[in-house]
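Start counting the sequence shown at 179; every next residue gets the next number (the numbering used here). Yeah, the Cβ is synthetic: ideal placement off N, Cα and C, and Gly gets one too. Structure record follows, encoded as structure tokens.
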Amino acid sequence: MSTVLITGAARGLGLEFTKQYAAKGWKIHACARNPESLIGIEGDIHPHKLEVTDYDAVKALAKELSAEAIDVLICNAGVGGEGSHAGQAFGSFDPVLWRHVFEVNSFAPLMMAEAFAEHVARSTERKLIAISSILGSLASNNGGRYAYRASKTALNMEWSCLAKDLAPRGIICIALHPGWVQTDMGGSTASLTIDQSVPPMVKTIAALKPSDNGRFLQYDGTELAW
Ligand SMILES: NC(=O)c1ccc[n+]([C@@H]2O[C@H](COP(=O)([O-])OP(=O)(O)OC[C@H]3O[C@@H](n4cnc5c(N)ncnc54)[C@H](OP(=O)(O)O)[C@@H]3O)[C@@H](O)[C@H]2O)c1
Numbered sequence: 179m180s181t182v183l184i185t186g187a188a189r190g191l192g193l194e195f196t197k198q199y200a201a202k203g204w205k206i207h208a209c210a211r212n213p214e215s216l217i218g219i220e221g222d223i224h225p226h227k228l229e230v231t232d233y234d235a236v237k238a239l240a241k242e243l244s245a246e247a248i249d250v251l252i253c254n255a256g257v258g259g260e261g262s263h264a265g266q267a268f269g270s271f272d273p274v275l276w277r278h279v280f281e282v283n284s285f286a287p288l289m290m291a292e293a294f295a296e297h298v299a300r301s302t303e304r305k306l307i308a309i310s311s312i313l314g315s316l317a318s319n320n321g322g323r324y325a326y327r328a329s330k331t332a333l334n335m336e337w338s339c340l341a342k343d344l345a346p347r348g349i350i351c352i353a354l355h356p357g358w359v360q361t362d363m364g365g366s367t368a369s370l371t372i373d374q375s376v377p378p379m380v381k382t383i384a385a386l387k388p389s390d391n392g393r394f395l396q397y398d399g400t401e402l403a404w
């Protein structure tokens, strides 16, 4: 049986990842701040209460699951940054907002990777996935949303480093852009529905080979420029 661990599993893309892997018959460690909302979803779902910026809690969960092999670890939890796009425009620098956005989008995924690298290394698939964003791409940048963009650029660099550092353990590290998707974060005018984003991401993850290690891909497997 294959196992996936997903952060931010109770809402948006994370909830759909949970449902998709459940439908495939996988064992799911579904991490969420409010795991109660996962009750009633069919499948081999193991809910865990997890605030991703509580690093002691991340380490405690890794210890609790120390006997497990995790085939796919999806660092999905993220924040856009309160105050909307305007709050992140040039001229409105807000250090409190920046710290929060970096804490969730950049620091926590690296902590997850450190805490769970062994669990992933002992699995069959050995895949470490960061849900990043095209907004973190330096090559595609068109300005604005400073904190969110910078946090995802930092995340991309972390995954590029992990791809090198974890390659000897056979771990495939991928930064994955879900597209612009209709979630609470993406808003109702986003170009893709959740159904147009998550099932292709699950397929893209399933198709990953060791030679893909260190790539930045979008939901359908298309290569993106860092
Ligand atoms: N939607 C898009 O268009 C889009 C585009 C590019 C990238 N992304 C990325 O995709 C990922 C998922 O986004 P989404 O669209 O599904 O957004 P969403 O609907 O706003 O969901 C965000 C998820 O992250 C969780 N989360 C936030 N802060 C957390 C924390 N401190 N600890 C634990 N969980 C936390 C939330 O949990 P709670 O329910 O507890 O708040 C929720 O499950 C994010 O990394 C986002 O940056 C989204």
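Should G203 be listed as close to ligand 1, given that the test is whether its C-beta is under 6 Å from any heavy atom?
No.
Just the Cα atoms here: how many angstroms apart are P377 and A238?
The straight-line gap separating the alpha-carbon atoms of P377 and A238 is approximately 31 Å.
My assumption, with CB atoms under 8 Å, is that Y326 sits in contact with G259. Please give the rounded CB distance.
Rounded to the nearest angstrom, the Cβ distance from Y326 to G259 is 5 Å, consistent with a contact under 8 Å.
Could you check whether the Cβ of P356 sits closer than 6 Å to any heavy atom belonging to ligand 1?
Proximity of the beta carbon of P356 to ligand 1 is indicated: a heavy atom of the ligand is located closer than 6 Å.
So what's D222 in DSSP terms, helix, strand or just coil?
Residue state for D222 is assigned as strand, using DSSP reduced to three classes.
Examine ligand 1 and report whether any of its heavy atoms sits within less than 6 Å of the Cβ of I309.
Ligand 1 has a heavy atom closer than 6 Å to the beta-carbon of I309.
Who are the Cβ neighbours of V279 in its own chain at under 7 Å, not counting the five residues just before and after it?
The beta carbon of V279 is closer than 7 Å to those of V257, G259, A325, Y326 and S329 in its chain, skipping five residues each way along the sequence.
Using only the heavy atoms of ligand 1, determine whether one of them is closer than 6 Å to the beta carbon of G399.
Result no, Cβ not under 6 Å from ligand 1.
Is T371 near ligand 1, in the sense that its beta carbon is under 6 Å from a heavy atom of that ligand?
T371 Cβ: outside cutoff for every heavy atom of ligand 1.
Rank N212, A200 and V250 by C-alpha distance to the C-alpha of E303 and give the top, closest one.
Relative to E303, the option among N212, A200 and V250 whose CA is nearest is V250.
Below 8 Å, can you find three or more Cβ-Cβ pairs linking the region 350-360 to the region 379-395?
By the Cβ rule, the region 350-360 counts as touching the region 379-395, because three or more pairs are nearer than 8 Å.
Taking 7 Å as the limit between beta carbons, can you name the residues of its chain near N391, skipping five residues before and five after?
Correct list, in chain order: A341, A345, I350 and C351.
Return the chain-ordered list of same chain residues with a C-beta closer than 6 Å to the C-beta of G192, the five sequence neighbours on each side being excluded.
Hits under 6 Å: I184, G186 and N254.
Between C209, A332, P273 and Y397, which lies nearest to T371 when the distance is taken from Cα to Cα?
The residue with the shortest Cα to Cα distance from T371 is Y397.
Per DSSP, the bridge partner or partners of Q266
Partner(s): none; Q266 has no beta bridge.
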